[in-house]
Amino acid sequence: MIKIREYPANPALSHLLEEICVAIQLTASQDALSRQHYEAVAKWLAGNGSPLSYHEIHIFPQGSQNLGTTTKPPKRQEFDLDAVCLVKNSGVTHPGRLYSIVHDRLKSNGLYADRIEKLPRCVRINYSGDFHLDIVPAIIDAEREGNFILVPELDADLSLLHPQNDLWKTSSPKNYADWFEEQCIIRVPIIEKMARAQVDPLPDRETADEKPPLKRIVQLLKRWRDIEYADRPKLSPPSIILTTLAGMFYGGGIHCCQSIQCISMEILDWLERCQPVTLMNPGNEDEEICEKWQNNPDCYEDFCETFAVFEERWRRLMTLKGPALYRELSEMFDESPVEKALKAITDREISQPRSLNQLTVKPRDSGLLLGGGAIPSTLPVRKNNFFGNSR
Amino acid sequence: MRFSTKRLGIYEQAAIVRVNWPNFSTKVRSGTLRCLGELCPSPLSESYFVEIVLDGRGIPEVQVRKPKLVCRSVRDTIPHMYDQERLCLYTPGLGEWESTRPIATTIIPWTSLWLYYYEIWHGTGEWLGGGHEPSDSPLPIEKRERKNRDEYPNKPR
Chain A
1 MIKIREYPAN PALSHLLEEI CVAIQLTASQ DALSRQHYEA VAKWLAGNGS PLSYHEIHIF
61 PQGSQNLGTT TKPPKRQEFD LDAVCLVKNS GVTHPGRLYS IVHDRLKSNG LYADRIEKLP
121 RCVRINYSGD FHLDIVPAII DAEREGNFIL VPELDADLSL LHPQNDLWKT SSPKNYADWF
181 EEQCIIRVPI IEKMARAQVD PLPDRETADE KPPLKRIVQL LKRWRDIEYA DRPKLSPPSI
241 ILTTLAGMFY GGGIHCCQSI QCISMEILDW LERCQPVTLM NPGNEDEEIC EKWQNNPDCY
301 EDFCETFAVF EERWRRLMTL KGPALYRELS EMFDESPVEK ALKAITDREI SQPRSLNQLT
361 VKPRDSGLLL GGGAIPSTLP VRKNNFFGNS R
Chain B
1 MRFSTKRLGI YEQAAIVRVN WPNFSTKVRS GTLRCLGELC PSPLSESYFV EIVLDGRGIP
61 EVQVRKPKLV CRSVRDTIPH MYDQERLCLY TPGLGEWEST RPIATTIIPW TSLWLYYYEI
121 WHGTGEWLGG GHEPSDSPLP IEKRERKNRD EYPNKPR
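Those sequence lines, one after another, are chains A and B.
For the first sequence, position 335 (counting from the first letter as 1) is numbered 335 according to this note's numbering, and the numbering increases by one without interruption.
For the second sequence, position 49 (counting from the first letter as 1) is numbered 49 according to this note's numbering, and the numbering increases by one without interruption.
Okay, here's the thing in structure tokens:
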């Protein structure tokens, strides 16, 4: 039983962490643009002259974009987005053949020809500036009912059409997404939700990008992973492992810093218990998702050690205040999103109310600043202009 | 709230601080008021012990006693401070501070606001609280210098 109430709630820090997530995620316009690209790719693959023109083709986002957990890689402009290109009734039985049809058709279009890259399981299209799309060709798994698909499991050392390059891998991104959405449900009593509304200093919460806490937690864990493993990317834990573990151990709490502390303890316990390590896709009991750890025990060992350090660091983070807190957050998640988050919060909660003469200070709460206009037991903060050098 | 045009005496200032800021202590000695109290501008902020000194001339000086204010790096100086010791909370010449106004409703709230922006400066590298540089003070240079001398007689020049 996950006992979330044993951990401190820290709503103000959770609020800052949520704003950090907003700073690292795909914007609404980038999301819409990527979906337009999917449609254009699907249209081209099924268009006149295509070997797939007689088949129904459906391209849909999978992974972080579908789950709402996109995280911009640090020091890079592009997001990594994944999409499934499902070719229905294709009649293709060789995975290399399917891959090669999709690849060659894209290559024949001047728009994509110079932008595509072959990767072992997908065709990558690089859209400069915003993102690259990893398109995974797939067929329906005819032997199973439900949302199961088969994707090529190609051996990069063999040619695409080599007779031995004929492995399919089972997958079910839709079932996984359904499972994840179910895990996102907040399970704390309504009284705690009301308590948060009262504690939270945000006057206009509806303007913040609302997302279930679990999605924020996954974004933060992935961002921590990207920074932590920047010097040893080969050992880095895959996003699906972090997402699945977070989903498994999320206790339904509202405050993400409290939930991360709780999840971290549970993950450490699980790492100790689960020997040899195995983790199945909760939406597909035949799909092992920690192959990387099974094939490369160094990755697993490294994660066990690194995550134990993370758990300690997170506990310490809960005790930090002011400049020390912001410094530690910048080290954990990189300076840029922390700066953006602090600027957004300051603008919304302090500077704007100040410019509208709505900023107040609460003497009985050690001079706490509140941006909600006239509030009982507060004094207005009168207009002033700080003097002296600003740098 | 309209301000009186009558200058507030030290004892009046002390009384208004005590009524409005119960966690501040006040002490008057040799015609100088010292107010000491704790400010914590946001739930994520440190708690700061600040001292406000108001002498008979009605010029408030504000210093942070604990914790020590620090720069972001060795090359930085903390923005909006006099001599890296006292907080520059208002611009002379704009009528923001007059000795007719209670420090309880001006200087202390501005101190909390200054501390908020100081912490955010640490987190972002930018002073987001606005303000005037000495070079763009609204007063002509001669008047500004005279005013600064009057308002900050201890400042080394």
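Glycine included, every Cβ here is placed at the ideal spot set by N, Cα and C.
Just so we're clear, the structure is a prediction, and the values are computed from it rather than from any experiment.
Straight-line gap, residue i to residue j (C-alpha atoms, nearest Å)
i: A/C85; j: A/N281; result: 20 Å
i: A/A113; j: A/W44; result: 13 Å
i: A/S159; j: A/L98; result: 13 Å
i: A/W168; j: A/A177; result: 21 Å
i: B/C88; j: A/Q62; result: 54 Å
i: A/V151; j: A/A324; result: 47 Å
i: B/L195; j: B/I10; result: This structure does not reach residue 195 of chain B, given that chain B is present from 1 up to 157, and the question cannot be answered.
i: A/I375; j: A/I149; result: 57 Å
i: A/E181; j: A/G68; result: 10 Å
i: A/D200; j: A/E18; result: Here A/D200 scores only 38 on pLDDT, less than 50, and its place in the model is too uncertain to base an answer on.
i: B/H80; j: B/P60; result: 15 Å
i: A/R205; j: A/K211; result: Low per-residue confidence applies at A/R205: pLDDT is 32, beneath 50, and the placement is therefore not dependable, though the value from the model is reported in the following sentence. Whole-angstrom Cα-Cα distance: 12 Å.
i: A/C257; j: A/P237; result: 21 Å
i: A/C304; j: A/G373; result: 49 Å
i: A/L16; j: A/A344; result: 10 Å
i: A/E349; j: A/N357; result: 12 Å
i: A/G253; j: A/R187; result: 6 Å
i: A/A230; j: A/C184; result: 29 Å
i: A/V361; j: A/C21; result: 29 Å
i: B/L33; j: B/G131; result: 27 Å
i: A/T27; j: A/V41; result: 21 Å
i: A/L279; j: A/E291; result: 9 Å
i: A/E251; j: A/L214; result: Note that residue 251 of chain A is Gly in the sequence shown, not Glu. Taking the straight line from one Cα to the other gives about 9 Å.
i: B/R149; j: A/V309; result: Annotation note: pLDDT 47 at B/R149 (below 50); position unreliable, no value reported.
i: A/P203; j: B/I78; result: Its pLDDT being 33, under 50, A/P203 is placed unreliably by the model, and nothing is read from it.
i: B/R75; j: A/E117; result: 46 Å
Listed by chain order, chain B residues near residue i by CB distance under 9 Å
i: A/Y326; result: L44, E119, I120, H122, G123 and T124
i: A/E339; result: G123, T124, G125 and E126
i: A/N357; result: Those do not exist, as A/N357 stays about 12 Å from chain B at its closest Cβ, beyond 9 Å.
Continuous alpha helix (DSSP H) stretch holding residue i: start and end
i: A/F249; result: S239 to F249
i: B/D37; result: A small fix is needed here, since residue 37 of chain B is Gly in this sequence, not Asp. Element bounds for B/G37: not the alpha helix (DSSP H) but the beta strand (DSSP E), T32 to L39.
i: A/D104; result: P95 to K107
i: A/T306; result: P297 to L317
i: A/N126; result: Premise fails: A/N126 lies in the beta strand (DSSP E), V123 to Y127, not in any alpha helix (DSSP H).
i: A/L368; result: Element bounds for A/L368: not the alpha helix (DSSP H) but the beta strand (DSSP E), L368 to L370.
i: A/L119; result: Element bounds for A/L119: n/a, residue is neither H nor E.
i: B/V19; result: I10 to N20
i: B/I103; result: That residue, B/I103, is in no alpha helix (DSSP H); it is neither H nor E in DSSP.
i: A/S171; result: No alpha helix (DSSP H) holds A/S171; the beta strand (DSSP E) holding it covers W168 to S171.
Beta-carbon gap between residue i and residue j smaller than 8 Å
i: A/D130; j: A/Q25; result: no
i: A/I125; j: A/V87; result: no
i: B/V118; j: A/F387; result: The displayed chain sequence assigns Tyr, not Val, to residue 118 of chain B. Taking 8 Å as the Cβ cut-off, B/Y118 and A/F387 do not qualify as a contacting pair.
i: B/T26; j: B/V19; result: no
i: A/L119; j: A/Y127; result: no
i: B/P109; j: A/V381; result: yes
i: A/L13; j: B/L44; result: yes
i: A/T71; j: A/R223; result: yes
i: B/E46; j: B/R65; result: no
i: A/E339; j: B/G93; result: no
i: B/S99; j: B/G37; result: no
i: A/E56; j: A/N10; result: no
Opening and closing residue of the beta strand (DSSP E) in which residue i lies
i: A/H132; result: F131 to I140
i: B/K66; result: P60 to K66
i: B/W127; result: Unbroken run through B/W127: none, as it is neither H nor E.
i: A/C85; result: F79 to K88
i: B/F196; result: Only positions 1 to 157 of chain B appear in the structure, and residue 196 of chain B is not among them; the question remains open.
i: A/E288; result: N284 to E288
i: A/F60; result: E56 to Q62
Partner residues on chain A for residue i, Cβ-Cβ distance less than 8 Å
i: B/E85; result: Here the premise fails: no neighbours, minimum Cβ distance about 11 Å.
i: B/H92; result: Looking at the sequence shown, residue 92 of chain B is not His but Pro. Result: F387.
i: B/T105; result: L379, P380 and R382
Chain-ordered neighbours of residue i on chain A, where CB pairs are closer than 7 Å
i: B/G131; result: N385, F386, F387 and S390
i: B/L89; result: N384 and F386
i: B/L113; result: L369 and V381
i: B/P60; result: The premise fails here: B/P60 is roughly 12 Å from chain A at the closest Cβ pair, so nothing lies under 7 Å.
i: B/S47; result: S366
Beta-carbon neighbours of residue i, restricted to chain A and to distances below 9 Å
i: B/E38; result: S366 and G367
i: B/I108; result: V361, P363, G367 and L379
i: B/E96; result: R382, K383, N384 and N385
Interface partners of residue i on chain B, CB under 8 Å
i: A/G392; result: With chain A covering only 1 through 391, there is no way to say anything about residue 392 of chain A.
Whether or not the region 248-266 of chain A and the region 160-167 of chain A are in contact is what I'm after, with contact meaning three or more pairs of Cβ atoms, one per stretch, closer than 8 Å; do they touch? Touching, no.
Is the number of C-beta pairs between the region 57-73 of chain B and the region 362-371 of chain A that are closer than 8 Å three or more? At 8 Å Cβ cutoff, the stretches do not touch.
Do the region 75-84 of chain A and the region 51-66 of chain A touch if we need at least three Cβ pairs shorter than 8 Å? By the Cβ criterion, the region 75-84 of chain A is in contact with the region 51-66 of chain A, since at least three pairs of Cβ atoms, one from each stretch, lie closer than 8 Å.
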